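Residue numbers (the numbering used here), protein chains in the order written: chain A, 18 to 283; chain B, 4 to 321; chain C, 14 to 371.
This is the structure:
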């Protein structure tokens, strides 16, 4: 199922690292001199109180924002700025805090758009549709159906996503990200707005993706229980600065982290 | 080589050799620019307060002028006709708010933009039905607007300044100052600025969006009326004015959509640039480049500075 | 009761991906095609063909073109008239210079000239978006307007600045010019429009259509998935202009028979845009429905008013049409922004459960 993209990184080695990355918008410093790495095959949580710069961090990795300072090394290649194009081609996919689905399309079509990078039949064949273009379409439909089965969203394939409840929309969005067969999956608050049952479902999906497909996962999450259970390592940000980095147990006991969440004045 | 000379050297030589013609052209450009700026002003008013891009501003100019002239043709004295026309523009504002803005209140901007296309066509049809499609003469003298020309001796030649143009420049300046004062210092002006900033926040402090929208569309209607009078006095009142009014779009691109000074300066740049271009470079390409030159100027500008001279840089978030 | 999906099982993904998966839809399409190709030319009067069917087909084709750009990709364009004009003038010059080549060949080729111009005016879409891009297309429209009048070579230096269409034949039957019969013209147009609609349908239902819609719905997310925004937009401009160009060539050669300066002006752009809005943004069916409504409206209106015994001037009809179309646009945007196509879809949904209400 996995097509190799770029130099293969062995499990346990560093897949992506950010070094001394800083990002400002006008006068606001979103991220200040942050460095951490993500190892292949792990689930890395990025946590912190609101406004800590977590989403900005994901956006930098994804290539959506370009940092003013610092470097990003992905699969051995170091860049000062990641472009969306490089990220997508390199095998980085993500979901968004506010569910960025294509509202004019059905769930199936949304997930199929995730296959775009892997579909190559050119304009000429697309005009005819029968023949090679159709074969390609069906081949990718197979893959997408596997994802649909995995996420258990069969009934809503043909529903326009605008009409789906929030929890299902998040699942479709995850499906779209998975369709890219990413090496690194960035999840921005995948459990937000979900009840306990939905959170358990989503947690299981994340674990399965990591287990079965070996996809490295970086996720932003507020639910501490989820973070402690799912993640291998955790990075804690506060006001754009990294204040802790380690296993869930190490981080949990860190006084600085406790202070940040309880709002002790600095 | 000769072509390069024609483009880059010759026009400037021409400018220098007949400076009185240059001043005349600059003046013509200024006047046209002032009128474009007026139309752009109407756009800015509406956009600031309702986020709607009113494509129908141009036809509102024509419609207002036609109403004025039409009333006068039926024997209504000039200033009474003026008052009645203002009333009509108020009626238009109320209708637009009730029938178009309120039902579409939560739709994306592009939908509202397209709705103003519909409004444009409706007003074109309605105007032609009621007033007829023939060009009409503006009742400039009945409104006590000056006519005649000042011929100023300059640079060894003459520069003709039409008195109506001078009057136009003065009237527009007064209007702009009045509008600026209105926005800054009155309660309604403040409310308008609040609505422009955030509809939800404005609602939460008790500002009635519907009232504000009627106010701005009415204000834009009055601006349209003034534009129609001034423009009609210079040439004539006809539906072709509506297309010329589209030149306000390049003005807005230059000046930004939410800035009144931007509209004025953008208008002047476009007006002067267009006239200079037509007069000195026009013969190279053939006449009539005025029909698209303004747009190309704006386009080139856009490529380097997408938010215009005065606009705000938009940061997209996801 | 009659229009049901129950019992129609798809056993392959291929069958499921079909454009008309429901049997009744396929039957309906076959009926329409049969009617169009066989019944109408046999039974329809010359008037019906010349005044109703031919214009409808050509305008629908232009509407499909604009729909691809504005409805599917979300790039609002006011330059449709200009692009149509490029196709018409290209066809005229090509057939003037090479009169022996089959006119249908030239019609298809002239679309490519439109494509080139479309791509040119789409280049700014790299840096500018949304409303600003619309203004760029407006620039294109006014510039092309000016070009058509100014460059007299385009009309072969005709003193009135207009084109008179020369007679051209296919298999020695005249298809353009005064001797061409409405039936033959209609069939040629129908064939061309059918083929091009089929291509458009294939495009929008596949990978490229999804890319366009992704750009329309959320271009930032599309970029992060790896969709090349710029190339996708340029492709939309290219394909859209092609369709408009062919429609323009057909309009001059097989419909009007001539072209006056200014026939491809901004009014033409708005007319097609209104067809797309009312018919349904992002729907091929909608393009046909919208064209029928907008084009047919003044004809029906005149018929109704004359039927009531009122003698109405053509100018008044035009004014009333403008008013009504303007009002219809606003009405549709309020009630059903997805246009007639969506209304048709809703009707079909209701038919599926008929005679039950839901």
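Backbone N, C-alpha and C fix where the C-beta goes; we use that ideal spot for every residue, glycine too. Because the structure is a prediction, the values reported are computed rather than measured.
For residue 32 of chain A, the uninterrupted beta strand (DSSP E) run begins and ends at 31 to 42, by DSSP. A check of alpha carbon separations from residue 168 of chain A across A:149, A:176, A:189 identifies A:189 as the nearest.
Residue environment: residue 332 of chain C is assigned as buried (16 or more neighbouring CB atoms within 10 Å of its CB, all protein chains considered).
A contact between stretches requires three or more CB pairs, one per stretch, nearer than 8 angstroms, and the segment 297 to 311 of chain B meets this requirement with the segment 135 to 142 of chain C. If you draw a straight line from the Cα of residue 30 of chain A to the Cα of residue 87 of chain A, it comes to about 21 angstroms. Within chain B, no residue has its beta carbon less than 8 angstroms from that of residue 200 of chain C; the closest one is some 34 angstroms off. For residue 68 of chain C, the three-state secondary structure derived from DSSP is helix. Judged by their CB atoms, residue 215 of chain C and residue 144 of chain A are nearer to each other than the 8 angstroms cut-off. The beta carbon of residue 227 of chain A is closer than 6 angstroms to those of 60, 234 in its chain, skipping five residues each way along the sequence. At a Cβ-Cβ threshold of 8 angstroms, residue 89 of chain A and residue 238 of chain A do not count as neighbours. It is roughly 10 angstroms from the alpha-carbon of residue 118 of chain A to the alpha-carbon of residue 191 of chain A.
With a threshold of 16 other beta carbon atoms within 10 Å, residue 183 of chain A falls short and is exposed. The beta carbon of residue 258 of chain A sits closer than 6 angstroms to those of 49, all from its chain and outside the five residues before and after it, given in chain order. Per DSSP, residue 24 of chain C lies in no alpha helix (DSSP H) segment and is marked neither H nor E.
The contact set of residue 137 of chain C on chain B, defined by CB atoms closer than 8 angstroms, consists of 302, 305, 306 in chain order. For residue 294 of chain B, the nearest CB of chain C lies under 8 angstroms from its own CB, placing it at the interface with that chain. Under the Cβ distance rule, residue 280 of chain B does not count among the residues neighbouring chain C, no pair being separated by less than 8 angstroms. Here DSSP, grouped into helix, strand and coil, assigns residue 196 of chain A to helix.
Apart from the 5 residues on each side of it in sequence, residue 204 of chain C has no Cβ closer than 6 angstroms to any other Cβ in its chain. Nearest neighbour of residue 212 of chain A by Cα position, chosen from A:105, A:243, A:72, turns out to be A:243. Residue 33 of chain C counts as exposed, since fewer than 16 other beta carbons sit within 10 angstroms of its beta carbon. Across the segment 321 to 354 of chain C, CB contacts with chain B closer than 9 angstroms involve 328, 329, 331, 332, 333, 334, 335, 336, 337, 338, 339, 340, 341, 342, 343, 344, 345, 346, 347, 348, 350, in sequence order along the chain. Residue 153 of chain B: member of the beta strand (DSSP E) spanning 152 to 157, first to last residue. Interface residue (Cβ-Cβ distance to chain A less than 8 angstroms): residue 102 of chain C is not classified as such. With respect to the 8 angstroms criterion, residue 114 of chain A and residue 72 of chain A are classified as neighbours on the basis of their beta carbons. When C-alpha distances from residue 268 of chain B are compared across B:251, B:118, B:280, the shortest belongs to B:251. CA-to-CA, the gap between residue 69 of chain B and residue 82 of chain B works out to about 15 angstroms.
Segment contact: the segment 144 to 151 of chain B against the segment 309 to 324 of chain C, fewer than three CB-CB distances shorter than 8 angstroms; contact not assigned. For residue 254 of chain B, no beta strand (DSSP E) segment is defined; the enclosing uninterrupted segment is the alpha helix (DSSP H) at 251 to 258. When secondary structure is reduced to three states using DSSP, residue 177 of chain C falls in the strand class. Interface annotation, residue 261 of chain B: not in contact with chain C, CB-CB separation never under 8 angstroms. The segment 268 to 285 of chain C and the segment 129 to 138 of chain A do not touch, with fewer than 3 CB-CB distances between them shorter than 8 angstroms.
The C-alpha of residue 58 of chain B is placed about 6 angstroms away from the C-alpha of residue 120 of chain B. With the criterion set as a beta carbon lying under 8 angstroms from some beta carbon of chain C, the segment 19 to 53 of chain B has no members that meet it. Nearest to residue 295 of chain B by alpha-carbon distance, out of C:55, C:153, C:72, C:238, is C:153. For the C-beta of residue 183 of chain C, not a single chain B residue is nearer than 8 angstroms; the gap to the nearest is close to 38 angstroms.
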